[in-house]
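Student:
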Amino acid sequence: MYHLIAETVTTIRRKIGDFSPEFGIILGTGLGKLVEEIDIHFQMMYSNIPNFPISTVEFHSGKLIFGVLNGRRIVAMQGRFHYYEGYDMQTITFPVRVMKALGIQKLFVSNASGSLSSSILKGDIGIIEDHINLLPDNPLRGHNDDDMGPRFPDMSVPYNKDMIQQALEIADRLKYRAHKVIYVSTTGPNLETKAEYRYMRIIGGDIVGMSTVPEVIVANHMSLPVFAISVVTDEGFHAELKPVSFAEIVQVAAEAEPKMTKILKELIALQ
1 MYHLIAETVT TIRRKIGDFS PEFGIILGTG LGKLVEEIDI HFQMMYSNIP NFPISTVEFH
61 SGKLIFGVLN GRRIVAMQGR FHYYEGYDMQ TITFPVRVMK ALGIQKLFVS NASGSLSSSI
121 LKGDIGIIED HINLLPDNPL RGHNDDDMGP RFPDMSVPYN KDMIQQALEI ADRLKYRAHK
181 VIYVSTTGPN LETKAEYRYM RIIGGDIVGM STVPEVIVAN HMSLPVFAIS VVTDEGFHAE
241 LKPVSFAEIV QVAAEAEPKM TKILKELIAL Q
């Protein structure tokens with residue numbers, strides 16, 4: 001994998017020169033407008049980056065953005081990759097390896113999710129403190145390169161505690177409904193059945209989504225501190241579920257996006 005990372009980084013460096021991002025940001029479904037807050041220095045379409053996959057999901061733009069957000073140098077993925085798109089785990093997480101090679105010191109991840117708890121409502125913010133991985137594969141399966149990280153990385157604290165606390169304090173000051181949550185990651189692309197929602201509640205989940213965990217595993221493998229934030233777009237705790245469309249999910253995510261953007265901007269400035 002090293003030669004693929006090196007090839008990709010070399011191509012990106014030809015575009016960005018000596019610009020050195022401090023932080024990486026992965027933007028999820030309906031959350032791409034954070035880019036409007038960035039003072040953009042460079043941007044590249046995924047299709048022009050060697051070894052990068054192409055996002056096939058509607059509303060995922062497929063750009064790598066380099067710039068400054070609230071005084072800090074960042075690289076942002078405007079559009080991420082999912083297991084349900086047919087990509088393998090190494091492909092999904094390859095951009096995280098590349099961002100680390102470009103120099104990022106911390107990774108910020110956002111996503112959209114469904115609530116498993118009646119105390120977490122549509123439009124609320126979830127600050128992820130831990131996760132339950134129900135995906136059928138792992139990005140670390142196979143040969144391990146010890147120069148990237150250990151064969152058996154510890155996952156006892158996958159999300160940075162200091163950033164979690166800072167984000168909760170920011171949300172409280174701004175009077176946002178924010179919760180410390182356990183995120184359940186599933187394959188998708190279908191949403192869950194009533195029985196599946198009930199099962200996920202029983203095993204300890206608060207919210208459920210179709211992304212994030214592979215990237216977090218790889219970041220932890222490389223000892224990269226992670227912060228993850230979720231916009232709750234639908235509610236899976238009702239006795240009688242109402243059908244939910246992807247368009248509705250994107251709409252709710254877009255409506256709640258200013259809250260997530262404000263939290264991320266202030267949090268990044270504190271690092």
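For the sequence shown, the tail end lands on 271 under the UniProt record's numbering, and the numbers increase by one without skipping. Glycine is no exception: its CB is placed at the ideal position from the N, C-alpha and C atoms. Remember, predicted model here, so these are calculated numbers, not experimental data.
#1: Ignoring anything shorter than 3 residues, give me the beta strand (DSSP E) runs that lie fully in the segment 46-92, in order along the chain.
#2: From residue 260 to residue 229, what distance separates their C-alpha atoms?
#3: At a cut of 8 angstroms, does the segment 117-135 reach the segment 185-200 through at least three beta carbon pairs?
#4: Pairing CB atoms from the segment 233-249 with CB atoms from the segment 164-174, are three or more of them under 8 angstroms?
#5: Between the Cα of residue 217 and those of 67, 247 and 151, spot the shortest distance and give me the residue it belongs to.
#6: Mind checking whether residue 127 and residue 180 have CB atoms under 8 angstroms apart?
#7: What separation, rounded to the nearest whole angstrom, lies between the Cα atoms of residue 175 and residue 67?
#8: According to the neighbour-count rule (16 or more other Cβ atoms, all chains shown, within 10 Å of its Cβ), is residue 77 buried or exposed?
#9: For residue 34, does the count of other Cβ atoms within 10 angstroms reach 16, so buried, or fall short, so exposed?
#10: Any beta carbon from chain B within less than 8 angstroms of residue 253's own beta carbon?
#11: Could you say which of 80, 173 and 257 lies nearest to residue 214 if we only look at CA atoms?
#12: Which residues does DSSP pair with residue 113 in a beta bridge?
#13: Counting pairs of Cβ atoms below 8 angstroms between the segment 20-31 and the segment 103-118, do you hit three or more?
#14: With DSSP run on the structure shown, which of helix, strand or coil describes residue 131?
#15: Counting C-beta neighbours from all protein chains within 10 Å, is the total for residue 82 16 or more, i.e. buried, or is it exposed?
#16: Which residues in the same chain have their Cβ closer than 7 angstroms to the Cβ of residue 148, if we skip the five residues on either side of it in sequence?
#17: Going by CA-CA distance only, name the one from 145, 163, 138 and 130 that's closest to residue 156.
#18: Measure how close the beta-carbons of residue 271 and residue 72 come, nearest whole angstrom, since I'm counting them as under 8 angstroms.
#19: Near residue 54, what residues of its chain come up, given a Cβ to Cβ distance below 8 angstroms and the 5 sequence neighbours on each side ignored?
#20: Distance, Cα to Cα, residue 209 vs residue 3?
#21: DSSP three-state call for residue 197: helix, strand or coil?
#22: Alpha carbons only, please: which of 256, 118, 121 and 50 is nearest the one belonging to residue 98?
Tutor: Taking the coordinates as given:
#1: 63-69 and 72-78
#2: 7 angstroms
#3: yes
#4: no
#5: Nearest option by C-alpha distance: 151.
#6: yes
#7: 29 angstroms
#8: buried
#9: Residue 34 should be labelled buried.
#10: No chain B appears in the structure shown, which is made up of a single protein chain.
#11: Residue nearest to residue 214 within the set 80, 173 and 257 is 80 (criterion: CA-CA distance).
#12: 232
#13: yes
#14: Looking at residue 131 - three-state DSSP - the assignment turns out to be strand.
#15: buried
#16: 221 and 222
#17: 130
#18: 7 angstroms
#19: So the qualifying residues of the chain are 46, 47 and 62.
#20: 32 angstroms
#21: helix
#22: 50
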